[in-house]
Amino acid sequence: MILFAYPEFSGLARELYAGWGLQAGDFAVSRFANQELEVSIDADVTGSDCLILGSVAPPDERLLSILLLAHTIKHQRSGELTLLLPYLAYTRQDKIKPKRSLAARWMGALLQASGVDRVITVDIHSHRAESLLSIPVVSLSPAPLFSKIITEQALPDATLVAPDEGAVFRCEALRKELGLRMPLAYFTKTRTAQGVTSELQGEVGEFAVVVDDILDTGETLVACCQTLQEAGAKEILVLVTHGIFTGNLWTKLWGLGVKRIYVTDTIPQIPPDRRIKKVSVAPLIRDHLLQPA
231 MILFAYPEFS GLARELYAGW GLQAGDFAVS RFANQELEVS IDADVTGSDC LILGSVAPPD
291 ERLLSILLLA HTIKHQRSGE LTLLLPYLAY TRQDKIKPKR SLAARWMGAL LQASGVDRVI
351 TVDIHSHRAE SLLSIPVVSL SPAPLFSKII TEQALPDATL VAPDEGAVFR CEALRKELGL
411 RMPLAYFTKT RTAQGVTSEL QGEVGEFAVV VDDILDTGET LVACCQTLQE AGAKEILVLV
471 THGIFTGNLW TKLWGLGVKR IYVTDTIPQI PPDRRIKKVS VAPLIRDHLL QPA
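Counting with the numbering used here, you get residues 231 to 523 for the letters of the sequence shown.
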């Protein structure tokens, strides 16, 4: 199998190469004088299964580049082409709304048209988004990684918290991985003419572990942790799969009882803060790829 890895994922690629017979596929992305993209590959892919490790998240050049690379590899008569997107962008646009884009379906159509046979990602935003994509998708759960953190931090009596109802299944997967019936609380959202309000369901102890898939601006997590503090939580641990860290609102978490944020490396660049701990997804990906067909 040949792995084509984009430079920003070089660290994750090195972990995948270690102890495994992957072949490195060299490629280059450049622009003509008129700004059109061009991709060239320096590997014979004929009949070989290939992996592309990268991102389709903004800036938009990433999406265009990875689509053109996929098309180039497939055009050279490769075997199965798997797109390894640790963070699958655009899947939050998964609801059918009048006169609004449905980007999850659009993304699937683009990938299929470019020759991608399947996608492997980590913690896709929703089952609804997965169903909208027109090609096979494997979404790997981060529960095995997060369960180790809870065990190492000796927090079996902490309350697991889902910041919205959509995150409850992530907490349930974590409890199953741990083999423990940890207390579980979650937030429900109510939409009114005045806006959206959240209400905490369940009791919270002194220690809380908030589990979510995406930390973007941090608005949801900030509101969640404010309520948890008011409910009696004195120390909060945040486990999040994809750390986008947009803007500065999320930094308010440090004043709301949050002691640590653990985030996987599905998005390699994270803020330089010692309280933010990066967790590698390489074991999840390697274990999946090494499973017998």
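Cβ coordinates follow ideal geometry from the N, Cα and C atoms, glycine included.
When you compare the CB positions of residue i and residue j, do they come within less than 8 Å of one another, or not?
i	j	result
HIS472	ILE491	no
LEU341	LEU313	yes
LEU414	SER377	no
GLN265	ILE232	no
ALA273	THR321	no
ARG505	VAL441	no
LEU246	VAL269	no
LEU467	VAL434	no
SER260	GLY309	no
GLY345	LYS304	yes
LEU283	TYR317	no
CYS455	LEU410	no
In or out: residue i buried (at least 16 other Cβ within 10 Å) or exposed?
i	result
ALA463	buried
PHE417	buried
THR276	exposed
GLU382	exposed
ALA343	exposed
THR420	exposed
PHE239	buried
LEU293	buried
THR427	exposed
PRO328	exposed
PRO393	buried
ASP503	exposed
ARG258	According to the sequence provided, residue 258 is Ala. The question's Arg does not apply to it. With fewer than 16 other Cβ atoms within 10 Å, it is exposed.
ILE271	buried
Straight-line CA distance for residue i to residue j?
i	j	result
ILE474	LYS406	27 Å
VAL470	THR496	11 Å
VAL488	HIS355	23 Å
LEU267	PRO522	37 Å
SER285	ALA461	39 Å
THR302	ILE365	19 Å
PHE437	GLU291	42 Å
GLN431	PHE262	56 Å
ALA300	PHE234	10 Å
ARG335	LEU520	29 Å
ALA333	LEU311	22 Å
Which one or two residues does DSSP pair with residue i in a beta bridge?
i	result
THR420	THR427
PHE399	Answer is none; PHE399 lacks a bridge partner.
HIS518	In DSSP, HIS518 forms no bridge with anything.
GLN253	ILE232
VAL392	One point to set straight first is that residue 392 is Ala, not Val, in the sequence displayed. Paired residues: TYR416.
HIS472	ILE444
GLU268	SER260
GLU436	BP columns for GLU436 are empty, so no partner.
Contact criterion: CB-CB distance below 8 Å. Does residue i meet it with respect to chain C?
i	result
VAL368	The structure shown contains no chain C; it is built from a single protein chain.
Between the stretch 374-388 and the stretch 477-486, do three or more beta carbon pairs fall short of 8 Å?
no
Do three or more CB pairs link the stretch 506-517 to the stretch 362-377 at distances below 8 Å?
yes
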